[in-house]
Structures are given as structure tokens and as C-alpha cells.
Amino acid sequence: MTHPPLANIESAAHVTGRSIYVDDIPVMEGTLWVKVLDARIAHGRITRLDVREAEQMEGVVKIFTHHDIPGENQVGGIIPDEPLLATEEVHFQGQPIALVAAETEEQAEAALQKIVLEIEPLPVITDPREAFRQGKLLSGSRTFSKGNTAAAFSGCAHVFEGKVESGGQEHLYLETQGAYAVPTEHDSVRIYSSTQGPTAVQRTVARVLGVGMNRVEVDVARLGGGFGGKEDQASTWGAFAALVAYVLKRPAKCIPHRMEDMRMTGKRNPYSSDFKIGLDADLNIIAYEATFFQNGGAAADLSPAILERTLFHAANSYAIPHVHVTAHSCKTNLPPNTAFRGFGGPQGKFVIEAAIDCSAKNLGVAAAVIQRKNLLADGYEFHYGQIAAGSEAQNCWTKLEQKRPFKAVLAEIEAFNATHPRLKKGAAWMPICFGISFTNTMMNHARALVHVYSDGSVGVSTGAVEMGQGVNMKMMQVAAACFGISLDRIKLETTNTTRVANTSPSAASATADLNGKALADACLQIRSRLEILVRSQLGVSKTTRIILRDERIFIDEQATDMTWPQLIQQAFFQRTNLSAKGHYATPQIHFDKITGKGHPFAYHVYGTALTICTVDCLRGNYTVDVVDVVHDFGNSINPGIDLGQCEGGIVQGIGWMTMEEVAYNAEGRLLSNALSTYKIPDIYSVPAVLDIEPVDTEGSELSIFKSKAVGEPPLMYGIGAFFALRNAVLAFNPQSDIAYSAPMTPEKVLMGLY
Ligand code: MTE
Ligand code: HPA
Ligand code: MOS
Numbered sequence: 004m005t006h007p008p009l010a011n012i013e014s015a016a017h018v019t020g021r022s023i024y025v026d027d028i029p030v031m032e033g034t035l036w037v038k039v040l041d042a043r044i045a046h047g048r049i050t051r052l053d054v055r056e057a058e059q060m061e062g063v064v065k066i067f068t069h070h071d072i073p074g075e076n077q078v079g080g081i082i083p084d085e086p087l088l089a090t091e092e093v094h095f096q097g098q099p100i101a102l103v104a105a106e107t108e109e110q111a112e113a114a115l116q117k118i119v120l121e122i123e124p125l126p127v128i129t130d131p132r133e134a135f136r137q138g139k140l141l142s143g144s145r146t147f148s149k150g151n152t153a154a155a156f157s158g159c160a161h162v163f164e165g166k167v168e169s170g171g172q173e174h175l176y177l178e179t180q181g182a183y184a185v186p187t188e189h190d191s192v193r194i195y196s197s198t199q200g201p202t203a204v205q206r207t208v209a210r211v212l213g214v215g216m217n218r219v220e221v222d223v224a225r226l227g228g229g230f231g232g233k234e235d236q237a238s239t240w241g242a243f244a245a246l247v248a249y250v251l252k253r254p255a256k257c258i259p260h261r262m263e264d265m266r267m268t269g270k271r272n273p274y275s276s277d278f279k280i281g282l283d284a285d286l287n288i289i290a291y292e293a294t295f296f297q298n299g300g301a302a303a304d305l306s307p308a309i310l311e312r313t314l315f316h317a318a319n320s321y322a323i324p325h326v327h328v329t330a331h332s333c334k335t336n337l338p339p340n341t342a343f344r345g346f347g348g349p350q351g352k353f354v355i356e357a358a359i360d361c362s363a364k365n366l367g368v369a370a371a372v373i374q375r376k377n378l379l380a381d382g383y384e385f386h387y388g389q390i391a392a393g394s395e396a397q398n399c400w401t402k403l404e405q406k407r408p409f410k411a412v413l414a415e416i417e418a419f420n421a422t423h424p425r426l427k428k429g430a431a432w433m434p435i436c437f438g439i440s441f442t443n444t445m446m447n448h449a450r451a452l453v454h455v456y457s458d459g460s461v462g463v464s465t466g467a468v469e470m471g472q473g474v475n476m477k478m479m480q481v482a483a484a485c486f487g488i489s490l491d492r493i494k495l496e497t498t499n500t501t502r503v504a505n506t507s508p509s510a511a512s513a514t515a516d517l518n519g520k521a522l523a524d525a526c527l528q529i530r531s532r533l534e535i536l537v538r539s540q541l542g543v544s545k546t547t548r549i550i551l552r553d554e555r556i557f558i559d560e561q562a563t564d565m566t567w568p569q570l571i572q573q574a575f576f577q578r579t580n581l582s583a584k585g586h587y588a589t590p591q592i593h594f595d596k597i598t599g600k601g602h603p604f605a606y607h608v609y610g611t612a613l614t615i616c617t618v619d620c621l622r623g624n625y626t627v628d629v630v631d632v633v634h635d636f637g638n639s640i641n642p643g644i645d646l647g648q649c650e651g652g653i654v655q656g657i658g659w660m661t662m663e664e665v666a667y668n669a670e671g672r673l674l675s676n677a678l679s680t681y682k683i684p685d686i687y688s689v690p691a692v693l694d695i696e697p698v699d700t701e702g703s704e705l706s707i708f709k710s711k712a713v714g715e716p717p718l719m720y721g722i723g724a725f726f727a728l729r730n731a732v733l734a735f736n737p738q739s740d741i742a743y744s745a746p747m748t749p750e751k752v753l754m755g756l757y
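Counting with this note's numbering, you get residues 4 to 757 for the letters of the sequence shown.
Given below as C-alpha cells:
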């Protein structure tokens with residue numbers, strides 16, 4: 004990594020409480036509070052909804068049902084299958100039915116209790132395989148295929164089959180969903196929203212209000228975390244606030260409390276999957292088949308896109324000649340599940356890792372032997388047609404192997420286990436390969452707006468949303484580098500749909516790449532105008548190089564007297580245009596959804612992690628002791644931020660695989676509905692050793708300043724924790740039939756031990 008380490012300039016304001024989130028916006032005079040009446044049974048027909056008494060309550064201004072929506076009662080992003088407010092039926096517990104708008108939050112709460120609601124129950128499905136059996140699907144099933152698995156299996160020396168389960172995951176962003184809407188002139192509305200997708204909120208609100216998108220302004224300062232949960236689902240909350248503000252012509256604030264947020268919003272899609280894997284006598288994986296049953300919940304939301312990424316990453320980082328993978332998006336009576344860091348990729352990778360582990364156990368070898376042997380190299384054709392280029396799969400593994408030799412690690416663990424009857428250690432290796440770009444090619448574009456003010460200070464707007472991942476800092480670095488000026492001169496503006504339009508959500512780990520390249524385009528337009536000026540002012544020939552560096556103009560490496568502020572003042576006097584709009588659309592990518600072939604990703608991110616766990620075999624509890632990683636950052640633009648993304652992602656992945664258990668009962672009621680019943684990793688769950696090293700690499704031209712995307716890929720290292728724990732259990736009880744069922748909670752470990 005050659006870029007200098009730079010602290011994130013926003014951190015100080017975050018930790019001292021000065022950063023503004025939606026609920027910190029000073030409340031305007033006349034603001035109404037909006038509370039949501041949601042269904043308490045998971046499937047049923049609404050037989051009575053009477054709001055008359057509630058509407059008479061003190062402070063209540065109006066109660067909204069679907070009859071009060073001026074436009075379309077629809078919030079479905081990919082498929083129009085999700086009403087904003089329920090009409091005749093409800094399909095999940097937590098489904099919004101009515102809104103109360105009152106002078107205070109307490110008054111709105113009180114009125115909620117007075118709404119008369121009767122629902123006649125209908126049968127509830129929570130299991131995706133059951134939904135599939137009944138033909139309940141959210142979208143068309145998909146298959147990606149390469150070679151001929153059926154024929155290949157008959158030639159394999161070893162064939163294994165199995166079943167794999169992975170659970171949901173609550174986003175638990177520190178800041179819950181929420182929006183604050185203000186009516187503005189010309190029949191318009193401005194919404195301060197906690198969203199990853201300002202344009203998605205704008206589009207949804209325009210549809211619900213029945214107005215043009217030009218009448219809906221969405222403004223985002225930052226998020227207290229999104230993790231995918233605010234890519235699509237923030238739109239609902241934006242629409243609640245906007246509907247009230249637009250109809251009543253008063254500002255309206257709608258922010259759910261934690262338990263409401265947990266109850267009403269979707270989570271990571273749980274999956275139930277089948278695999279079949281075939282190996283030759285030398286342990287080469289010859290064929291792989293998998294069928295994924297995705298638990299989509301009651302509406303499509305982003306599940307069809309998530310399903311697709313599961314198929315893209317179904318073979319992880321392995322070179323396999325014959326692959327056939329199918330996925331079904333199953334409609335159940337749960338809240339619509341949605342994007343979560345990795346976007347279906349983790350669910351797909353978990354299954355092939357289980358298949359390899361199953362093969363290894365049956366063949367009496369370490370899984371790492373099979374993993375290492377099958378890592379893909381440049382020139383490999385993925386099952387979706389893209390040819391691997393710049394693969395770091397083997398490099399990362401080799402570098403980790405040099406640091407922690409595989410045989411030594413296993414010997415050490417064996418020695419420990421031989422001398423500790425009560426404690427058992429287990430290890431697992433976890434390689435990753437994650438494609439960067441939205442899998443929907445048309446989403447891979449971005450814009451930026453740059454103003455250089457006459458005093459030399461710079462204002463930057465992009466479509467990027469800051470959610471803790473540090474994209475604002477990266478954008479400032481891009482602008483500073485393009486102009487050769489200090490970071491102090493740059494201000495990053497809020498993300499606002501009137502300044503930067505038609506944005507893709509900040510997601511797919513591609514935010515810095517897409518917006519950074521658009522920003523560089525804008526800055527370079529201004530810089531070339533400045534260069535023309537310098538040439539005429541200082542009489543510099545066309546062939547001589549002009550460099551902006553250290554706030555000064557250099558001519559062929561010779562410093563001139565002209566500083567940045569002087570240059571800008573001159574440019575202003577000469578009536579130079581000091582503003583520019585930049586645009587970027589990822590080149591080279593394409594994908595044919597019918598054939599399932601193409602070149603969908605700008606590039607891939609690789610890495611390998613070793614995880615070592617210790618299980619207390621009396622109690623079933625455990626610690627993750629070591630996560631040792633070699634990761635492909637490319638040439639990191641900000642190593643501090645990127646390391647933080649790695650650490651956070653790994654711990655979040657460990658949480659998904661070990662302790663985070665989203666539990667619904669058979670009636671579709673969320674049991675893990677608060678932080679007392681849903682356990683996420685805390686500082687004590689962080690591995691004692693969490694060591695992340697970069698692999699030496701060139702980076703990719705399609706990443707920003709050759710700094711590879713880092714937001715999602717590291718989460719998948721967390722999958723190693725599942726297998727490390729499973730190995731520890733097997734060290735204690737080799738006969739254990741412990742299933743490939745995540746999360747590996749202490750309860751499951753205990754059951755597996757005995
Ligand atoms: N990091 C923090 N602190 N907060 C978040 O909400 N979201 C993750 C990841 N890292 C998230 C985060 C997800 S799901 C994605 S897609 C990326 O950040 C989005 O930002 P990027 O595209 O800039 O990497
Ligand atoms: N990743 C994340 N979010 C998305 C994607 C994707 O590939 N496609 C649509 N939304
Ligand atoms: Mo991230 S799941 O793409 O918001």
C-alpha cells in the first residue's frame with residue numbers, strides 16, 4: 004500500500020456527538036409525529052379496520068389508510084408486489100396497515116391503541132421449502148450452468164451430497180430507519196432520509212404521491228449504518244413521512260423505535276440448500292451442483308437480485324469444470340427479506356464450503372487440502388462466462404501459508420487437543436472471491452458535481468452515501484489528489500437528489516469506485532480548463548507538462564510563483580467555468596440474463612483467512628481466538644479505513660455464522676425481537692488475534708486509484724468460524740452428527756458435543 008495513511012476526518016464528530024443523523028435535525032414548528040399500525044398476525048384477511056375513535060383522540064390530526072394515498076399504493080422496487088399500506092390482506096407480522104399523524108409522539112402512540120383492527124387468520128408458511136412445494140415463488144427460478152454435471156458425476160471417484168441451512172441476520176444499524184419530510188413550494192416535498200438509495204426513496208415517494216420525481220427532493224447527510232438494510236427498505240419510511248407531509252402540508256417525522264424496526268423490517272435472506280459435489284482421485288473438484296431455496300419473505304424486495312448473486316458466487320474461488328446451480332426465491336409469511344452485506348454471496352459460498360468440508364471428512368483429509376488444490380487462476384472461465392484476470396486467489400493463500408504453515412497449525416491444534424480433555428480447538432481456512440459491480444449492469448454508473456469557489460475552496464457533491472464505510476473521506480481524497488490541494492480546502496456536501504440525480508444506491512461495495520471515478524471526471528474537466536489558462540497566462544507551450552501539486556503550479560517539475568488560490572482568482576477574473584458535472588459508467592461489463600453468461604464484474608476481490616476457535620466442551624460456549632487474513636486491497640487509497648472495513652466485516656460475518664439467531668415461531672412472529680433476545684458480537688467477541696495483511700498486487704484500473712472495493716468481501720471470512728467450531732466439536736466427539744446449519748450457537752455446539 005503506497006497511499007499515505009490518513010485518519011477519517013469525520014470520526015471525531017461522530018464520537019463526540021456532533022454529526023447529524025435524521026433524529027438530530029432540529030425540529031421545525033408544526034412538525035407531526037407519524038406512528039405505524041402494523042399487523043400482529045402473519046397472514047390473514049382484514050375484516051374490520053375502524054379508525055373513528057382513534058381519530059378523535061387528543062392531538063391526532065389524521066389517520067391514513069390505503070384510501071388516503073394520492074398516487075399508487077406500491078413500494079416494490081424490482082417487482083410491484085408490495086403495498087405501502089395493506090388493503091384486503093396482510094402477509095407478514097409487522098406489515099404496515101395504517102399511519103397515525105399526531106402533534107406528539109405520545110399522542111400518536113395512544114391513538115394507535117384505539118384503532119379497531121380485526122384480521123381473519125389464514126395459513127402461515129415460514130419455511131422456504133414448504134413454500135416451494137406449494138408453488139409460492141416471488142420471481143422466476145434461475146439456473147447458471149457450465150459443462151455437463153450429470154455426465155461428469157458418473158466419471159468421478161467420489162461423489163457426496165448434503166443439505167445446508169443458513170439463518171437470517173438483523174442489520175442492527177445503530178440508527179434505525181427513519182425520515183423527516185417537509186412540504187415545500189410548488190406542490191413539492193423535501194425528505195431527510197436515512198437511506199442508502201436517495202433516488203430509490205425519491206422514485207418511491209413520487210409514485211406514492213402521484214407526482215413527478217422533480218417534486219421530490221431527498222437529502223442524506225449520513226447514516227448510522229445501513230449494511231444493505233437501507234438499500235430498498237428506507238423507501239417505505241420515506242413514503243410514510245412524505246405522505247403525511249404532502250397531504251397535511253406540515254412537516255412530518257417517522258422514526259421507528261428499535262423493536263418496531265426489528266419487527267417490521269426484513270433481514271438477510273435465510274437459505275436452505277442441497278449440494279452434490281464430485282471429485283477425482285487426486286481431489287480435483289470435477290462437478291458441483293446446488294439448489295438454493297431462498298426465504299424471500301412476503302414480497303420480492305431485492306430478493307431476485309440477491310438470488311442472482313448467490314448463483315454468481317456459488318463456486319466461491321474454485322476452478323470447477325462442471326457447475327450447475329439453481330435458485331428459487333420462495334414466498335413466505337415473513338417480512339420481506341433484503342440486502343445484507345454480501346448480497347446473497349455469503350449464502351452461496353457457505354454451501355460450497357460445506358460441500359468441500361463434507362468431502363474432506365468422508366475422505367479423511369483436511370478441507371484445506373481440497374480448498375488449496377482447487378483455487379482458480381488467471382484464465383479460468385467462471386460458470387457465468389467471465390474469464391478470471393488478476394486473480395489473487397493462490398497468492399493470498401500462499402502468503403498466508405508462509406506466515407502460518409498449514410501443517411504446523413494442524414499439528415499445534417492436535418497437540419493442544421491431546422492434552423486438554425475439556426477444551427478443544429478447531430481450525431478452518433476460508434478463501435474468498437467476490438465480484439465487484441452491481442450484477443444488474445445498468446446500475447453501474449454515477450455522477451458528481453464540483454464547484455471551485457472563487458477563494459479556492461471546493462464543494463463536492465456525489466451520489467455516494469456515507470454510512471460509516473468512509474466513502475466521504477475517500478471522495479475528499481480523490482478531489483484533493485486531482486487538484487493537488489490540501490484536504491482542508493474540500494467540503495463534502497450532503498447527498499441530494501437535486502444536485503446529483505438518478506443515482507444507484509450506495510451498495511455492492513462499488514460506491515467509491517463509481518462515484519470516485521465520476522468525481523475524478525468532474526475535477527479533471529475543471530483542471531483542463533485551468534491548464535489552458537496557465538498556458539496562456541504563463542506562456543507555456545502545449546507540450547510542456549503542467550502539474551498541480553502542494554497547492555502550487557509546477558511547470559515541468561519547476562515550481563512557479565502561482566499558488567492554487569491565485570490560479571483560481573485569475574480563472575474567475577477570466578470568466579472560466581469553475582464548476583463541472585462528472586459522469587462514469589463502468590466500461591467492459593455486460594451480462595445476458597437469458598443465457599446466464601457474460602462479463603458482469605469490473606474485477607474480483609480475493610483473500611484467504613485462517614480461523615482458530617476453542618470450544619469449552621463442558622458448557623458448549625466458545626471463543627474465536629485467531630483470524631489471520633491475507634487480503635487483496637489492490638493499492639488501498641486509505642489503509643486505515645479499509646482495515647476498519649475488513650475488521651468490521653469479519654466480526655459481522657462471525658456474528659452471522661455463530662451467535663446471531665433470527666428466530667420466528669410457526670405463526671411467523673419474530674421471537675428475537677430485541678437486543679435481549681438477539682445477540683450480536685461485541686468487543687469481547689472480537690478475536691484476540693485479528694491480523695490482516697495486504698497481498699502485494701497491482702490493483703485494478705477499474706477501481707478508484709487502483710484501490711479495490713472493500714465493503715462486503717471481508718464478511719465472508721467469517722464463514723471460517725463455522726467450520727473451525729465444527730472441527731473443534733468433532734475433535735471432542737468424532738461421532739457427532741452436527742449439521743451444516745448456521746448459526747453455530749453455543750446451544751448447537753453443546754448438542755453436537757453429546
Ligand atoms: N460499513 C459501515 N461502517 N456501515 C455500513 O452500513 N455497509 C456495508 C459496507 N460497509 C456498511 C459498511 C455494505 S452492505 C456495503 S455494500 C458497503 O459498505 C457500501 O459502501 P461502499 O460501496 O462504499 O463499500
Ligand atoms: N449488490 C448490491 N446491491 C444491489 C445489487 C448488487 O449486486 N444489485 C442491485 N442492488
Ligand atoms: Mo450492501 S448489501 O450492497 O448495501
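Ideal Cβ placement from N, Cα and C applies to all residues, glycine included.
Legend entry - Close Cβ partners of proline 339 (< 6 Å) along its chain, the five nearest in sequence each way excluded: For the purposes of this step, residue 339 is taken as the residue at position 336 of the sequence shown. So the qualifying residues of the chain are Gly269, Gly300, Ala301, Ala302 and Asp304.
Inset, instruction - Drop a sphere of 10 angstroms on the beta-carbon of asparagine 760, count the other beta-carbons inside from all chains shown, and report buried for 16 or more, exposed for fewer. - result: An answer regarding residue 760 cannot be provided, because it is not within the stretch 4 to 757 covered by the chain.
Legend entry - Residues near glycine 79 by beta carbon distance below 7 Å, same chain, minus five either side: Along the sequence shown, one-based indexing puts residue 79 at 76. If the five residues before and after glycine 79 are omitted, its C-beta is found closer than 7 Å to the C-beta atoms of Glu85, Ala302 and Ala303, all from its own chain and listed in chain order.
Inset, instruction - Would you kindly report the start and end of the unbroken alpha helix (DSSP H) that includes threonine 202? - result: Numbered from 1 along the sequence shown, position 199 holds the residue referred to as residue 202. Unbroken alpha helix (DSSP H) run through threonine 202: 201-212.
Inset, instruction - State the beta-bridge partners of arginine 450 as determined by DSSP. - result: Here residue 450 is taken as the residue at index 447 of the sequence shown, counted from 1. Its beta-bridge partners are His586.
Legend entry - Own chain residues within Cβ distance below 8 Å of aspartate 628, not counting five before or after: Numbered from its first residue, the sequence shown carries residue 628 at position 625. Only Lys428, Ile615, Cys616, Thr617, Pro690, Ala691 and Val692 meet the Cβ criterion.
Inset, instruction - Below 7 Å CB to CB, which residues in the same chain sit around lysine 252 once its five sequence neighbours on both sides are set aside? - result: Your numbering for residue 252 matches position 249 in the sequence shown. Contacts found: Pro186.
Inset, instruction - Identify every residue that forms a DSSP beta bridge with tyrosine 195. - result: Taking the sequence shown and counting its residues from 1, the one referred to as residue 195 is at position 192. In the DSSP output, where bridge partners are listed per residue, tyrosine 195 has Tyr183 and Asp222.
Legend entry - Opening and closing residue of the alpha helix (DSSP H) in which glutamate 58 lies: Numbered from 1 along the sequence shown, position 55 holds the residue referred to as residue 58. It spans 55-58 - the alpha helix (DSSP H) in which glutamate 58 sits, taken as one unbroken run.
Legend entry - Classification of threonine 50 by the beta-carbon crowding that lies within 10 angstroms, buried from 16 upward: As a working note, residue 50 is residue 47 in the sequence shown. Counting Cβ neighbours within 10 Å, threonine 50 comes out exposed, since fewer than 16 surround it.
Legend entry - Contact set for aspartate 264: own chain, Cβ-Cβ below 7 Å, skip 5 residues either direction: By one-based count along the sequence shown, residue 264 stands at place 261. Excluding the 5 residues flanking it on each side, aspartate 264 has same chain C-beta neighbours closer than 7 Å at Thr179 and Gln180, in chain order.
Legend entry - Three-state class that DSSP yields for serine 238 in the structure shown: Position 235 of the sequence shown, counting from 1, holds the residue named residue 238. It is helical.
Inset, instruction - Report yes if the C-beta of glutamate 234 is less than 7 Å from at least one heavy atom of the ligand HPA; otherwise report no. - result: Residue 234 sits at position 231 when you count from the first residue of the sequence shown. Because some heavy atom of the ligand HPA lies under 7 Å away, the Cβ of glutamate 234 counts as near it: yes.
Legend entry - When Leu125, Ala418, Ala101 and Gly393 are compared against leucine 115, the one with the closest alpha-carbon: Along the sequence shown, read from residue 1 onward, the residue named residue 115 stands at position 112. Checked all of Leu125, Ala418, Ala101 and Gly393; the closest Cα to leucine 115 is Ala101.
Inset, instruction - Determine the DSSP secondary structure at isoleucine 722, reduced to helix, strand or coil. - result: What you label residue 722 is simply residue 719 of the sequence shown in a count that begins at 1. Helix, per DSSP.
Legend entry - Cβ pair phenylalanine 441, alanine 513 closer than 8 Å: For the purposes of this step, residue 441 is taken as residue 438 along the sequence shown, with counting starting at 1. For the purposes of this step, residue 513 is taken as residue 510 along the sequence shown, with counting starting at 1. Yes; because the gap between Cβ atoms is below 8 Å, this pair is in contact.
Inset, instruction - Report yes if the C-beta distance between leucine 337 and glycine 671 is below 8 Å; otherwise report no. - result: Residue mapping note: residue 337 aligns to position 334 of the sequence shown, counting from 1. Residue mapping note: residue 671 aligns to position 668 of the sequence shown, counting from 1. Their beta carbons are under 8 Å apart, which means leucine 337 touches glycine 671 by this criterion.
Legend entry - Helix, strand or coil at valine 372 [DSSP, three-state]: Looking up residue 372 in the sequence shown gives position 369. Reduced to three states, the DSSP call for valine 372 is helix.
Legend entry - Stretch-stretch touch, CB-based, cutoff 8 Å, three pairs: the region 232-242 with the region 128-144: Under the 8 Å Cβ criterion, the region 232-242 does not count as touching the region 128-144, having fewer than three qualifying pairs.
Inset, instruction - Give the straight-line distance between the Cα atoms of valine 503 and leucine 452, rounded to the nearest whole angstrom. - result: Here residue 503 is taken as the residue at index 500 of the sequence shown, counted from 1. Here residue 452 is taken as the residue at index 449 of the sequence shown, counted from 1. Looking at the backbone, the Cα of valine 503 and that of leucine 452 are separated by about 7 Å.
Legend entry - Stretch-stretch touch, CB-based, cutoff 8 Å, three pairs: the region 451-465 with the region 478-488: The region 451-465 is in contact with the region 478-488.
Legend entry - Neighbourhood of tyrosine 587 by C-beta distance below 7 Å, restricted to the same chain and skipping five residues each side: Counting from 1 along the sequence shown, the entry for residue 587 is found at position 584. A distance below 7 Å between beta-carbons, with the five flanking residues on each side excluded, links tyrosine 587 to the following residues of its chain, in chain order: His448, Ala449, Leu517, Lys520, Ala521 and Asp524.
Inset, instruction - Can you list the residues near the ligand ATP, meaning Cβ strictly closer than 7 Å to any non-hydrogen atom, in the order they appear in the chain? - result: Summarising the ligand content, the structure contains the ligand MTE, the ligand HPA and the ligand MOS and does not contain the ligand ATP.
Inset, instruction - Pull up the DSSP beta-bridge partners for phenylalanine 147, would you. - result: Residue 147 sits at position 144 when you count from the first residue of the sequence shown. DSSP lists Val328 as partners of phenylalanine 147.
Inset, instruction - Identify every run of the beta strand (DSSP E) within the region 461-500, keeping only runs that are complete inside it and at least 3 residues long; order them along the chain. - result: The qualifying runs are 461-465 and 493-495.
Inset, instruction - Report yes if the C-beta distance between proline 749 and glycine 623 is below 8 Å; otherwise report no. - result: By one-based count along the sequence shown, residue 749 stands at place 746. By one-based count along the sequence shown, residue 623 stands at place 620. Yes, they are a contact pair.
Inset, instruction - Output yes or no for whether 8 Å exceeds the beta carbon distance between valine 354 and valine 167. - result: For the purposes of this step, residue 354 is taken as residue 351 along the sequence shown, with counting starting at 1. For the purposes of this step, residue 167 is taken as residue 164 along the sequence shown, with counting starting at 1. With a cutoff of 8 Å on beta-carbon distance, valine 354 and valine 167 are scored as near each other.
Legend entry - the ligand HPA heavy atom lying under 7 Å from the CB of leucine 305: Here residue 305 refers to the residue found at position 302 when the sequence shown is read from its first residue. In this structure, the C-beta of leucine 305 approaches the ligand HPA to less than 7 Å from one of its heavy atoms.
Legend entry - Element boundaries [alpha helix (DSSP H), containing threonine 563]: Along the sequence shown, one-based indexing puts residue 563 at 560. DSSP places threonine 563 in no alpha helix (DSSP H) but in the uninterrupted beta strand (DSSP E) bounded by 561-566.
Legend entry - Counterpart residues of glutamate 534 in DSSP-defined beta bridges: Counting from one through the sequence shown, the residue named residue 534 turns up at place 531. Paired residue(s): none; glutamate 534 is not in a bridge.
Inset, instruction - Indicate the three-state DSSP secondary structure (helix, strand or coil) for methionine 4 in the structure shown. - result: Position 1 of the sequence shown, counting from 1, holds the residue named residue 4. Its pLDDT being 45, under 50, methionine 4 is placed unreliably in this model, and the value from its coordinates should be taken loosely. Coil, per DSSP.
Legend entry - Contact test: alanine 308 Cβ vs the ligand HPA heavy atom, cutoff 7 Å: One-based indexing of the sequence shown puts residue 308 at position 305. Relative to the non-hydrogen atoms of the ligand HPA, the Cβ of alanine 308 comes within a distance shorter than 7 Å of at least one.
Inset, instruction - Just the C-alpha distance for phenylalanine 147 and phenylalanine 315, rounded to the nearest angstrom, thanks. - result: Reading the sequence shown from its first residue, position 144 is the one you call residue 147. Reading the sequence shown from its first residue, position 312 is the one you call residue 315. Approximately 8 Å between the Cα atoms of the pair.
Inset, instruction - Counting only the same chain and skipping the five closest in sequence on each side, list residues whose C-beta sits under 7 Å from that of tyrosine 249. - result: Start at 1 with the first residue of the sequence shown, and residue 249 comes out as number 246. For tyrosine 249, where only same-chain residues beyond five positions count, the Cβ hits under 7 Å are Pro186, Val192 and Leu212.
Legend entry - DSSP state of arginine 48 mapped onto helix, strand, coil: The residue you call residue 48 lines up with position 45 of the sequence shown. Three-state result, arginine 48: strand.
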